[in-house]
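> Using the numbering used here, the first residue of the sequence shown is number 1, and each one after it goes up by one. My questions will all concern the structure given below.
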Amino acid sequence: MIRPKLKKRLGDLLVDERIISESQLMDALAAQKQTGRKLGATLIESGSITEQQLLTFLAQQLNVPFVDISQKRLDPEVIKLLPEVQARRFRALVIEADLDTATVGMSDPADINALDALYPLLTPREIKLVAVRESQILEAFDTMYRRTADIESFASQLEEEYDTTADFDVGGIDFGGADEEEATVAKLLNTIFEDAVQARASDIHIEPDERQLRIRMRVDGVLQENILNESRIAAALVLRLKLMSGLDISEKRLPQDGRCNVKVRGKSIDVRISTMPIQNGESVVMRLLDQSGGVLGLDKTGMPAQLLERFRNIIKRPHGMILVTGPTGSGKTTTLYGALSEMNQSSKKIITCEDPVEYRLPRINQVQINAKIDLTFSSVLRTALRQDPDIIMVGEMRDQETVEIGLRGALTGHLVLSTLHTNDSISSAIRLIDMNAPGYLVASSLRAIIAQRLIRKLCANCKQTHEPEPHERLWLSGLAGTELSHAEFKVGKGCQSCNYVGYKGRIGVFELLELDEPMMNALKRDDTEAFAEHAKASPHYKPLAAAALDYALQGLTSVEEVLKLVENIADLDTAAQKLQLAEH
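Below, the structure is given as C-alpha cells:
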C-alpha cells in the first residue's frame, strides 16, 4: 500500500500557495491548541478556507482523486466491510470494493495514522484512497450503518432464550436487578431507538401480526417497515416499554398512555408511549421528542417572513384567542411553544394546560392533565383563570365546556392560545360554532387562526427539473390565479443522501387568518357561509396549497406535495377554467 504523504506541513503549504495568510495560520494554530481539533477543521470553522478548497488542495498535493459521493449509489454491504466504530473514528468510508482492492474515501487523506489503522481491517484488499467531503461521509454513516441487522439478531436471540415448544412467557424475563441492562430485550429496544434517531424518525410503531412482528418508523411523514419473523417476542417488548413508562403491566385489555426518557447517542429523547389492544396482542406507538435541542423559536418554524411578522404582532396583543390548527404531527405544538418562549418574560404570568407536557419551560406554570382524577382541560382552565394569568395556553379545545371557558377568558382580558383538529383556518371558526359555542362569543373573542402542515423537502443533492402533466400545470395555474406555463418545477431523483426517496427533511406550510369586521359580523349572525366567503376574500389570506405552491416555485418541494394539500380538485378545475376564459 502506497501511503500518500505531504512534503511539508499543511499550514505551511497553504500559506506558500497563498490560499491562507500567515496571520490566519497563526490564529488557527492558537485555536487548535485550545480545542485539540485538526488544523484543517479549525481553518474551515474559522472561515479561512472552505471544505471544498481544502479537499481539492489536499487531493492535488497527495495525488489522490477527489470524489463527490452524493450522486453515487453506495452498497451497504461494501460499506460495512469497515466496522462503524472505526469508520466514524477515522472519518473513512469504503465506497467500492472487489476481492483485490477497496476504494476508501477520507475527509483527511493526509492522516497516515488513520490509514495505518484501517489497513489491517481491510486486508487482504489493497486500499485505494480518495478525498471525500466530511459532511457527505457523515451523511452516509447515518444512512448506511442502519441497525436493521442488529435488530434482527437481537430478536432472534431473544426468541432462542425460551423454549420454542412452549407458549412464550414474558414472566421468565429478568427486567430488574444488576443485570437489567444486559437483558436481550433491553439491548433490542436500545437498538430500535438508536436506529430511529439515526434515521431521524418521529414515531416508532410496534405491531404484532399473527406470524410476524412489524417495526415501522415514520421518517419525514412516511412509514418505513422492518419485518421480524419472531412474532412471539412482541409481548416482551410491550412489557419492557410498560415498565419503562410506569404503565400497568397486568392491564392488556385497555389502551394506556405514558412517557419515559431515554439517552441515545448523547441525546435526551422524550418518548410518549401509547398502547392499544389489537387482535394479535398490543400495538405500541412511540412519539420521539428530542429534548437536547430545546424549544425552537418562531423564526425556526419555517414561517415566511411576512407571515411571521404578522403572527408576532398578533401575540403581542393583551387579550383574545389565537388558535393553531392542523392534524396530528403537523407541528402545532412547536408553533405554540415557539410563541410561548417569545412571550416568556418576568412581567408575564403564563399558565399552560397540556396533555402531555412535552417540553419543560422555565417561569411557566405547566399543568399535566389527568382525566383519572378529574383534572381535565375545563377544570384546570377554570382554576387557571383564578391564578391571575396574563397568558393561558390550552393544549386542545376538546369539548364545549373548554371552548366556552377559553372564549370567556379571552373576552375578560387574557390572551388564550390553543389548538384544534381541523383542516384549515376557515373551518376552525365554524368548528367552534358546531361545538355549540355562541356565535357572538366566538366573534368577540377569536382574533386569529393559523393552520399548518409539514410537507417534504426535495433532497438538495438530487433534485432536477420536472415537467408536470398538462392537467397538473393547469391546476397549479388555477391555484396561483395566474398562468404558470413557463414556471419551472423540480423533483427528487433519489440518491445516497436521501436514501433514494428524493426527499430529505420537512418544511412547515402556514395559513394565517386574521378576523376582520365583516367576518365577525357573519359569526355573530351564525352565518358560516358568509364568514367563509369574507375570509376567502380577505387580502392577506392565502390557503395552505397556495403557500405550498410558493415553495414548489422556489424548487424546495414537488408538485406532488402541493397537490396533497388541495382540499377539492373540483375547485381547482373551476379556477383553471376561469383563468383560461379570462385569457381568451
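Note that CB positions come from ideal geometry on N, CA and C, so glycine has one too. These figures come from a predicted structure and were not determined experimentally.
Just mark E354 as buried or exposed, buried being the case when its beta carbon has 16 or more other beta carbons within 10 Å.
Residue 354 sits at position 354 when you count from the first residue of the sequence shown. It counts as buried.
> For G439 and A429, what's the separation of their Cα atoms in angstroms?
On the sequence shown, residue 439 is found 439 positions in, with the first residue counted as 1. On the sequence shown, residue 429 is found 429 positions in, with the first residue counted as 1. Each residue's Cα considered, the two are about 9 angstroms apart.
> Quick check: the region 18-25 against the region 102-111, are at least 3 beta-carbon pairs closer than 8 angstroms?
no
> Assign T143 to buried or exposed, taking buried as 16 or more other Cβ atoms, counted over all protein chains shown, within 10 Å of its Cβ.
Within the sequence shown, numbered from 1, the residue matching residue 143 stands at position 143. So T143 ends up on the buried side.
> Beta-carbon within less than 7 angstroms of A87's beta-carbon, same chain only, minus the 5 sequence neighbours each way: which residues are those?
The sequence position of residue 87 within the sequence shown is 87, counting from 1. Leaving aside the five residues that flank A87 on each side, the residues in its chain whose CB is nearer than 7 angstroms to its CB run, in chain order, L93, F141.
> Quick one, which of T325, C459, S485 has its alpha-carbon nearest S70's?
Translated into positions along the sequence shown, residue 70 becomes position 70. S70 has its Cα closest to that of C459, out of T325, C459, S485.
> Write down the C-beta distance between I426 and G409 rounded to the nearest angstrom, noting that I regard them as a contact closer than 8 angstroms.
Along the sequence shown, one-based indexing puts residue 426 at 426. Along the sequence shown, one-based indexing puts residue 409 at 409. Going by Cβ atoms, the distance from I426 to G409 rounds to 24 angstroms, so no, they are not a contact pair.
> Excluding the 5 residues preceding and the 5 following V15 in the sequence, name in chain order all residues of the same chain whose CB lies nearer than 6 angstroms to its CB.
The count along the sequence shown starts at 1 and reaches residue 15 at position 15. For V15, where only same-chain residues beyond five positions count, the Cβ hits under 6 angstroms are E22, L25.
> Can you tell which of A234, M303, K242 has its C-alpha closest to the C-alpha of Q279?
Here residue 279 refers to the residue found at position 279 of the sequence shown. Minimum Cα distance to Q279 is reached at A234.
> Would DSSP call Y119 helix, strand or coil?
Start at 1 with the first residue of the sequence shown, and residue 119 comes out as number 119. The answer is helix: DSSP assigns Y119 an H, G or I state.
> Mind checking M276: buried by the 16 CB within 10 Å criterion, or exposed?
Indexing the sequence shown from 1 puts residue 276 at position 276. So M276 counts as exposed.
> Pull up the DSSP beta-bridge partners for P208, would you.
Sequence index remark: in the sequence shown, residue 208 carries index 208 (1-based). Looking at the DSSP assignment, P208 forms a beta bridge with L213.
> Within its chain, find whatever has a CB closer than 8 angstroms to the CB of P468; leave out the 5 residues flanking it on each side and keep chain order.
Counting from 1 along the sequence shown, the entry for residue 468 is found at position 468. Once the five neighbours on either side are set aside, the close Cβ partners of P468 are L476, F489, V559.
> List, from N- to C-terminal side, the alpha helix (DSSP H) runs of 4 residues or more that fit wholly inside the region 420-460.
425-434, 439-445
> Which word fits L115, buried or exposed, when buried means at least 16 other C-beta atoms lie within 10 angstroms of its C-beta?
Position 115 of the sequence shown, counting from 1, holds the residue named residue 115. Per the 10 Å Cβ criterion, buried.
> Helix, strand or coil: which one does DSSP assign to E51?
Looking up residue 51 in the sequence shown gives position 51. Residue state, collapsed to three classes: helix.
> Do A451 and D434 have their CB atoms nearer than 7 angstroms?
If you number the sequence shown from 1, residue 451 lands on position 451. If you number the sequence shown from 1, residue 434 lands on position 434. No, the pair does not count as a contact, with Cβ atoms beyond the cut-off.
> Counting C-beta neighbours from all protein chains within 10 Å, is the total for D195 16 or more, i.e. buried, or is it exposed?
Against the sequence shown, residue 195 aligns to sequence position 195. With 16 or more other Cβ atoms inside 10 Å of its own Cβ, D195 counts as buried.
> Is K372 helix, strand or coil by DSSP?
As a first step, residue 372 is located in the sequence shown; it is residue number 372 there, counting from the start. Note: K372 maps to helix in three-state DSSP.
> Return the CA-CA distance between Y500 and N461, expressed in angstroms with no decimal places.
Working through the sequence shown from its first residue, we reach residue 500 at position 500. Working through the sequence shown from its first residue, we reach residue 461 at position 461. When rounded, the distance between both Cα atoms is 11 angstroms.
> From the DSSP output, in three-state form, read off D169 for me.
Residue mapping note: residue 169 aligns to position 169 of the sequence shown, counting from 1. Bear in mind that the predicted position of D169 carries a pLDDT of just 43, short of 50, making it too unreliable to give a figure here.
> Just how far apart, CA to CA, sit L340 and R146?
Your numbering for residue 340 matches position 340 in the sequence shown. Your numbering for residue 146 matches position 146 in the sequence shown. Taking the straight line from one Cα to the other gives about 37 angstroms.
> Around the Cβ of E404, are there at least 16 other Cβ atoms within 10 angstroms (buried) or fewer (exposed)?
In the sequence shown, the residue the question calls residue 404 occupies position 404. Buried.
> Taking the C-alpha atoms as reference points, what is the distance between T412 and A384?
Walking along the sequence shown from the start, residue 412 turns up at place 412. Walking along the sequence shown from the start, residue 384 turns up at place 384. If I take the Cα positions, the gap works out to 13 angstroms.
> Within the chosen definition, does the region 298-310 reach the region 500-511 through at least 3 CB pairs nearer than 8 angstroms?
yes
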